[in-house]
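Before any comments, here is the structure.
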Amino acid sequence: MRQITWLYSQSRNIKSDPYQIMPLWNDSIHFCNWTCIMCGQRDQRVVSLDLGSRGFSGSISPAIGNLSFLKELFLENNSFTGIVPQEVGRLSRLRYLWLNNNSLSGEIPSNISHCPNLVELDLSVNSFTGVIPNEFESLSKLKSISLDSNKLVGEIPKFVGNFTSLATLSGRENHFQGNIPDTLGQLSNLWYFGFGVNNLSGILPLSFFNISSLTTIDLEDNLIGGNLPSDIAQKFLGLNALNVPKNKFSGSIPLSLSNATNLEFLALNYNAFIGSVPSFSTLQKLTFFGVDMNQLGNGRSDNLNFVSSLSNCTNLRHLAFGSNNLGGVLPRSLTNFTQLINLIIDKNLISGSIPSEIGQLLNIRRLFIGYNQFTGRIPDSIGNIRNLGVFSSRDNFLSGSIPSSLGNLTQLFALFLDGNKLVGTVPSDLSNCKRLQSLDLSRNNLSGYIPKGIFGLSSLTIGLDLSNNRFVGSLPTEVGLLQNLVMLDVSNNMMSGIIPFALGSCTSLVALDMAKNTIEGEIPTTFRLLRGLEFLDLSHNNLTGRIPEYLGDFVFLETLNLSVNLFGGKLPERGVFRNASMVSVSGNAKLCGGLPAFKLPKCSHDESSRKNQIPLSLLITIPIISVLLVLTLVLIFCWFCKRKKASTESSSEDENFPRVSYQSLHEATNGFSSANLIGSGNFSFVYKAILYLKKESRVVAVKVLKLAVHGADRSFIAECEALRNIKHRNLMKVITCCSSLDFQGNDFKALVYSYMVNGSLEDWLHQNRVVGLNFLQRLNIVIDLAGALDYIHHECGSLMIHCDIKPSNVLLDSDLVAHLSDFGLARFVHPDSSTSHTSSLGIKGTIGYAAPEYGMGSRLSTYGDVYSFGILILELFTGKRPTDEMFSDGLSLHSFVKTAIPERVIEITDPVLFRTREEENMATDARDREMHDGIECCLTSVYGIGIACSTEMPGDRIEISNALKQLLFVKKNFS
1 MRQITWLYSQ
11 SRNIKSDPYQ
21 IMPLWNDSIH
31 FCNWTCIMCG
41 QRDQRVVSLD
51 LGSRGFSGSI
61 SPAIGNLSFL
71 KELFLENNSF
81 TGIVPQEVGR
91 LSRLRYLWLN
101 NNSLSGEIPS
111 NISHCPNLVE
121 LDLSVNSFTG
131 VIPNEFESLS
141 KLKSISLDSN
151 KLVGEIPKFV
161 GNFTSLATLS
171 GRENHFQGNI
181 PDTLGQLSNL
191 WYFGFGVNNL
201 SGILPLSFFN
211 ISSLTTIDLE
221 DNLIGGNLPS
231 DIAQKFLGLN
241 ALNVPKNKFS
251 GSIPLSLSNA
261 TNLEFLALNY
271 NAFIGSVPSF
281 STLQKLTFFG
291 VDMNQLGNGR
301 SDNLNFVSSL
311 SNCTNLRHLA
321 FGSNNLGGVL
331 PRSLTNFTQL
341 INLIIDKNLI
351 SGSIPSEIGQ
361 LLNIRRLFIG
371 YNQFTGRIPD
381 SIGNIRNLGV
391 FSSRDNFLSG
401 SIPSSLGNLT
411 QLFALFLDGN
421 KLVGTVPSDL
431 SNCKRLQSLD
441 LSRNNLSGYI
451 PKGIFGLSSL
461 TIGLDLSNNR
471 FVGSLPTEVG
481 LLQNLVMLDV
491 SNNMMSGIIP
501 FALGSCTSLV
511 ALDMAKNTIE
521 GEIPTTFRLL
531 RGLEFLDLSH
541 NNLTGRIPEY
551 LGDFVFLETL
561 NLSVNLFGGK
571 LPERGVFRNA
581 SMVSVSGNAK
591 LCGGLPAFKL
601 PKCSHDESSR
611 KNQIPLSLLI
621 TIPIISVLLV
631 LTLVLIFCWF
641 CKRKKASTES
651 SSEDENFPRV
661 SYQSLHEATN
671 GFSSANLIGS
681 GNFSFVYKAI
691 LYLKKESRVV
701 AVKVLKLAVH
711 GADRSFIAEC
721 EALRNIKHRN
731 LMKVITCCSS
741 LDFQGNDFKA
751 LVYSYMVNGS
761 LEDWLHQNRV
771 VGLNFLQRLN
781 IVIDLAGALD
791 YIHHECGSLM
801 IHCDIKPSNV
811 LLDSDLVAHL
821 SDFGLARFVH
831 PDSSTSHTSS
841 LGIKGTIGYA
851 APEYGMGSRL
861 STYGDVYSFG
871 ILILELFTGK
881 RPTDEMFSDG
891 LSLHSFVKTA
901 IPERVIEITD
911 PVLFRTREEE
921 NMATDARDRE
931 MHDGIECCLT
941 SVYGIGIACS
951 TEMPGDRIEI
961 SNALKQLLFV
971 KKNFS
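Okay, so the sequence shown: first residue is 1 according to UniProt numbering, each after it adds one.
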């Protein structure tokens, strides 16, 4: 009975149960046959309880102590909160206690010490505080202790040295301090010791090197100093991983490490090692080699001999020896590293040219060769490294032009070529790098016009630095397309013309520098939209007019330099202008007023009162204008009467949106040309266009309603009603709308949206099967959608139901952030059930995604959206449509997945998910099998959420807010 008491008590403590396990714990069958429970064959006592990776949330019941025969308690990979009850100490037979990957808090219960048979204790990835209890001294049978990722303090207890059976001891990412105890030398079975990312200090005790069984030493990011013993490889004959970066180790790198033939991972970076780097020709298993951020080398030509010795390490994936004093020429044997992913050799004294053979390293993702003494041209062959994500060759002596082959690097998100002697124009091919987030070409001798295609890279978000070159011409209006750009610097060039109004569309700008050019005209009024600016430098130009008052309202502005221009009038006195140390306006001869610290002349009476005076010419023309105005109003009234019908219709539909004319949309789409057509649906066509709004150009999507189709007009009204009431980062943003007549006098209605460069989720799942989406990208997409649905269901003021969630209505921007679109079937549901919409007019949504109850005339509800969302999850991760021909004779996508997990989770998953470049590269390393297993575990959880959302009965489905929390938890575990 005491066993049943706990089991029922625990089921009541469960708040979330996506796999619906707790309802199976009932009296219809004996508890020994319940899911997740195992009993002893002789006495029918519970000996094993495995609730791991089930998506549970809630607390652990104190009645756990009633399971006195329990040997195994597995609660890992859930969302349990609260403290661990002291009653766990009553489980005297307990051998395995796994509580890892939860949200448990409080101090580690000292009563666990009453479990003398404990063999494995895993409390990692929680929020435990305090110290390791002294009472744990009695747990002499422990073989594995894992305390990673908590908030524990204090020292590593000396009594750990008495656990002679201990094989693994891990306490990474805590706040442990003090010295490593010398008693650890007694642990003759210890093979893993990991206390990275703590505050340990002192030196490694001599007894530490007596642990000959050690294969993995992980002490990253501590304060440990001293020298590594010269015979370290003889001390640890089976050494597999030596991970000690970010410490205070000094002296030479031990020569004996070259004999550690089992070594796969060597990280000595961020220390104070000196001397030369020894030869490592025998370390054929090496995959990670990092000695960067030390004091190695002396600038001599033989400093890089060790690189040639590494050429036998054909499995090497990470090679880093940057930030040292290493001289010499980069050896061509570098090309043997065909598996290399990261090559970090910046901040040395390396000379010579970049070998053209570097283009043979096809798997490189990060290539850092900056801050050296490289000469010659950038090899065209770098364009062959199609996986390259970051390329930095800044601050060298490179010459010649920028190779157009860099345009082949479609995965590139950061390119730094600044601080060289590059000449010529910027190749337009760089506009092919659609994922580029940061581009720095500053401090070169580049010339000509800046290619407009560069400004069409909407992916540019971090920074665009073109300063200190010889660029000419005006800043293109296409700059307005960089709406998410944070930093723009075009200073110290030969640019002219005016500042484009379109620059005001770059509302994410934090730093803008256009100094030292010959730009003229006034500061455009659209600058008032750049309210996030912290740094603005327009100095040393030919700008005229008044300094705008609204700059004083920019609350984040810390540096404003407007000096050496032709500004005139009164200097503003509010905001940033009240601090002379933050503002420079010298060299503007016509400026006056302002605070005394600016030392400007006082404004004359005429100047200070000019705003309040009416010019004499205006006084004369006022009567004339009044007469003309009356006549004009009469003519407008007559015209208005003729157009009354059209204006009445449109006023009820789009009153909250700025108007755009049919003619402008016709021109922007080239006459609604099929070449601009990017999609179509039951009620609409969608075109790509460049539309000019308020003197700025934007790439947009124009949704033109098929008004001849029954229901299209109602869809337009529904979408306008929905979009004027909602605003969320994961909902499609409407820019404007048009309700007018076309050139033939027919009704015309259209909505204009922001353009999504990555198309729809439908395209990625069923069209773009070569590139595909990896696991994390798919997980982020469903999290984005869950957030959008949670918003329209609970947070947008009035309850809204979307009614048509499917992959084609999910659009992806340049960062693959998901945006829910197409609100043509959306409905606002009022609390009064008598006014709630029903689906009596037919199924709301699309076959395969619409909730089954809608087909039987049930009322619209949020659970309908949840059902569609669940089906979308299952489709996204299996790659199978719910309408696939395989789903017949009672088999559905829901039941297909439900019967396959967890045993066949990999079998049912979209194979493209595992073929994407990131997972493919990971799978080549045996070490990354753990990552593969992690994906498998997370996939099981995601499928469980999709199943819980898409159950047949609406009342059995989980709330979207609950689904969102569980998805975020899966992402946390995966990370």
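Each residue gets a CB set at the ideal place from its N, CA and C atoms; glycine is no exception.
Report, in whole angstroms, the separation of the C-beta atoms of residue i and residue j, which I expect to be a contact under 8 Å.
{"i": "Ile801", "j": "Thr846", "result": "With a Cβ gap of about 15 Å, Ile801 and Thr846 do not count as contacting."}
{"i": "Asp790", "j": "Leu964", "result": "5 Å"}
{"i": "His728", "j": "Ala818", "result": "The pair is not a contact, with the Cβ atoms about 11 Å apart (cut-off 8 Å)."}
{"i": "residue 1024", "j": "Ile871", "result": "With the chain covering 1 to 975 only, the question about residue 1024 has no answer from this structure."}
{"i": "Thr410", "j": "Asn432", "result": "6 Å"}
{"i": "Leu367", "j": "Leu388", "result": "6 Å"}
{"i": "Gly225", "j": "Lys248", "result": "4 Å"}
Is the beta carbon of residue j closer than 8 Å to that of residue i?
{"i": "Leu73", "j": "Leu104", "result": "no"}
{"i": "Ile462", "j": "Val426", "result": "no"}
{"i": "Thr216", "j": "Asn179", "result": "no"}
{"i": "residue 1045", "j": "Gly171", "result": "Since the displayed the chain opens at 1 and closes at 975, residue 1045 lies outside it and no answer follows."}
{"i": "Gly575", "j": "Asp553", "result": "yes"}
{"i": "Arg957", "j": "Tyr867", "result": "yes"}
{"i": "Ile726", "j": "Cys796", "result": "yes"}
{"i": "Val244", "j": "Phe273", "result": "no"}
{"i": "Leu49", "j": "Cys39", "result": "no"}
{"i": "Gly545", "j": "Leu529", "result": "no"}
{"i": "Ser138", "j": "Ser113", "result": "yes"}
{"i": "Gly480", "j": "Met495", "result": "no"}
I'd like the span of the beta strand (DSSP E) that includes residue i, first residue to last.
{"i": "Asp465", "result": "Gly463 to Asp465"}
{"i": "Arg470", "result": "Arg470 to Gly473"}
{"i": "Ser351", "result": "Leu349 to Ser353"}
{"i": "Trp764", "result": "From DSSP, Trp764 is part of no beta strand (DSSP E) but of the alpha helix (DSSP H) over Leu761 to His766."}
{"i": "Thr559", "result": "Thr559 to Asn561"}
{"i": "Asp440", "result": "Ser438 to Asp440"}
{"i": "Val757", "result": "Premise fails: Val757 is in no beta strand (DSSP E) and is neither H nor E."}
With a CB to CB cut of under 8 Å and the five nearest residues on each side skipped, what residues in its chain are close to residue i?
{"i": "Thr314", "result": "Gln284, Asn336, Phe337, Thr338 and Gln339"}
{"i": "Asn78", "result": "Leu51, Gly52, Ser53, Arg54, Gly55, Phe56, Ser57, Asn101 and Asn102"}
{"i": "Asn445", "result": "Lys421, Leu422, Val423, Asn469 and Arg470"}
{"i": "Val329", "result": "Ser301, Leu304, Ile350, Ser351 and Gly352"}
{"i": "Val585", "result": "Ile547, Leu562, Ser563, Phe567, Leu571, Leu591, Gly594, Phe598 and Leu600"}
{"i": "Pro403", "result": "Arg377, Ile378, Pro379, Asp380, Ile382, Gly383 and Pro427"}
Could you name the residues of the same chain whose beta carbon sits closer than 7 Å to that of residue i, not counting the 5 residues immediately before and after it, in chain order?
{"i": "Asp784", "result": "Asn730, Val817 and Ala818"}
{"i": "Ser401", "result": "Leu422, Val423 and Gly424"}
{"i": "Ile935", "result": "Phe775"}
{"i": "Glu952", "result": "Pro852"}
Examine the ligand FAD and report whether any of its heavy atoms sits within less than 7 Å of the Cβ of residue i.
{"i": "Gly473", "result": "With respect to the ligand FAD, the structure offers nothing, as it holds no ligand at all."}
The alpha helix (DSSP H) with residue i in it runs from where to where?
{"i": "Val897", "result": "Leu893 to Lys898"}
{"i": "Ala675", "result": "Premise fails: Ala675 is in no alpha helix (DSSP H) and is neither H nor E."}
{"i": "Phe306", "result": "Asn305 to Ser309"}
{"i": "Lys452", "result": "Lys452 to Phe455"}
{"i": "Asn66", "result": "Unbroken run through Asn66: none, as it is neither H nor E."}
{"i": "Val782", "result": "Phe775 to His794"}
{"i": "Ala668", "result": "Tyr662 to Ala668"}
Among residues of its own chain, excluding the 5 on either side of residue i, which ones have a beta-carbon nearer than 6 Å to its beta-carbon?
{"i": "Ser821", "result": "Met732, Asn809 and Leu811"}
{"i": "Asp395", "result": "Gly370, Tyr371 and Gly419"}
{"i": "Lys590", "result": "Gly568"}
{"i": "Leu169", "result": "Ile145 and Phe193"}
{"i": "Ile761", "result": "The residue asked about is misnamed: residue 761 is Leu in this sequence, not Ile. Result list for Leu761: Pro807 and Val810, in chain order."}
Measure from the C-beta of residue i to each C-beta in chain D and report whether the shortest distance is under 8 Å.
{"i": "Ser11", "result": "You won't find chain D in this structure, because it holds only one protein chain."}
query = At what residue ranges does the segment 491-537 contain a whole run of the beta strand (DSSP E), taking only runs of 3 or more?
reply = List check, beta strand (DSSP E) in window: 511-513 and 535-537.
query = Can you list the alpha helix (DSSP H) stretches of 4 or more residues lying completely in the segment 209-280, in chain order?
reply = Counting only runs of 4 or more, we get 232-235.
task = Would you mind listing the beta strand (DSSP E) stretches within the segment 365-433 that are 3+ residues and don't spill past its ends, in chain order?
result = Listed in chain order, they are 366-368, 373-376, 390-392 and 414-416.
task = Identify every run of the beta strand (DSSP E) within the segment 58-137, keeping only runs that are complete inside it and at least 3 residues long; order them along the chain.
result = 72-74, 79-82, 96-98, 103-107, 120-122 and 127-130
task = Could you tell me which uninterrupted alpha helix (DSSP H) segments, each at least 4 residues in length, are contained entirely in the segment 846-886, listed from first to last along the chain?
result = 862-878
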